[in-house]
Amino acid sequence: PEENVGVLKLSEALKDRFVLVKLGYQSREEEIEVVKRHVPGVDSETAEISVDIVRKTREHPKISRGGSLRSSIDLARLASMLDGSENRWYDAALMTLPQRIELRDSGVNKELLIKEIVKSVLSREELDFQ
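Just remember that this note's numbering sits 1 ahead of the position in the sequence shown, which is counted from 1.
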């Protein structure tokens, strides 16, 4: 994989000295607070929608690597700079997320998938992962 280029494999002796620590994501409420702290003047609704969109990318079965908290921050920042229409979410998500998520299947249209996620968050519908 691309992220392993120029990286040496660890020896067994060195691996034996490590302890595995698993870190997950913060709760939805904690993520919203982080977004509010990093995007000055952002309103609560914008922070919440940004976090919800990015969290959906982490849950979607067609996505192997969803967006990070940094994605939520950038999405909120961009959405707050665009006009107040609902379309700003589609525009902001399409500018923020495509390079930050990884799909399981290369045959899936990333842009359409992002639009589907945004639509589900804005309409407060649950996505059907079938």
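For each residue, glycine too, the CB sits at the ideal point set by N, CA and C.
Distance CB(residue i)-CB(residue j) smaller than 8 Å
i    : j    : result
G67  : V55  : yes
A80  : S45  : no
Y91  : V119 : yes
P99  : E117 : no
L9   : V35  : no
V122 : A77  : no
A93  : L83  : yes
Residue of the options minimising C-alpha distance to residue i
i    : options             : result
R101 : D75, K23, L9, S12   : D75
L104 : V36, H61, R71       : H61
R59  : E30, V6, G25, L21   : G25
I1   : V8, R89, E49, V6    : Nothing in the structure corresponds to residue 1, since the chain is present only between 2 and 131.
S28  : D53, E13, L21, V20  : D53
S65  : D17, F19, D106, K16 : D106
Identified DSSP bridge partners for residue i
i    : result
R29  : In DSSP, R29 forms no bridge with anything.
L104 : I64
Whole-Å CB distance - residue i paired with residue j, under 8 Å assumed
i    : j   : result
L114 : K63 : 6 Å
S72  : T97 : 6 Å
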